[in-house]
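Visitor: Numbering (the working numbering), first residue to last: 17 to 144.
Built from N, CA and C at the ideal position, the CB exists for glycine as well.
What follows is the structure, encoded as structure tokens:
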């Protein structure tokens, strides 16, 4: 029997639709992530969209410094999902591991929810 994940995709979709631009981090690393992730990881974007999640609107990202190749690795990219999920949920999509996050910032969400974490994500670094 597989790990159980129960998602209210419609409520999750409404959560992301209601999110204004001021609710997203405006640092260059997060702006870079939001601008590039959907095109670079279409399978992960499609998987999250099926849950009601907009990949360009993370709760949190944890970037490392860009490498010599100009690529930046984001070790943990987190998303709010309305519903419930078993602690040991893990799934791989498009070379990215998706799991239930154990540690994350306060979400402010009052309804039953959990946080999914994607890693690793490698994107071309931000350029001014």
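Closest to residue 91 by CA distance: which of 117, 125, 102 is it?
Guide: 117
Visitor: Can you tell me which of the three DSSP states residue 118 falls into?
Guide: coil
Visitor: Assuming residue 93 contacts residue 134 under a Cβ cut-off of 8 angstroms, what Cβ separation, rounded to an integer in Å, is found between them?
Guide: 5 angstroms
Visitor: With a floor of 3 residues, list each beta strand (DSSP E) that falls wholly inside the region 51–80, ordered by position along the chain.
Guide: The region 51–80 contains these whole beta strand (DSSP E) runs: 76–79.
Visitor: Check whether the Cβ atoms of residue 110 and residue 59 lie closer than 7 angstroms to each other.
Guide: In this structure, residue 59 lies closer than 7 angstroms to residue 110 by Cβ.
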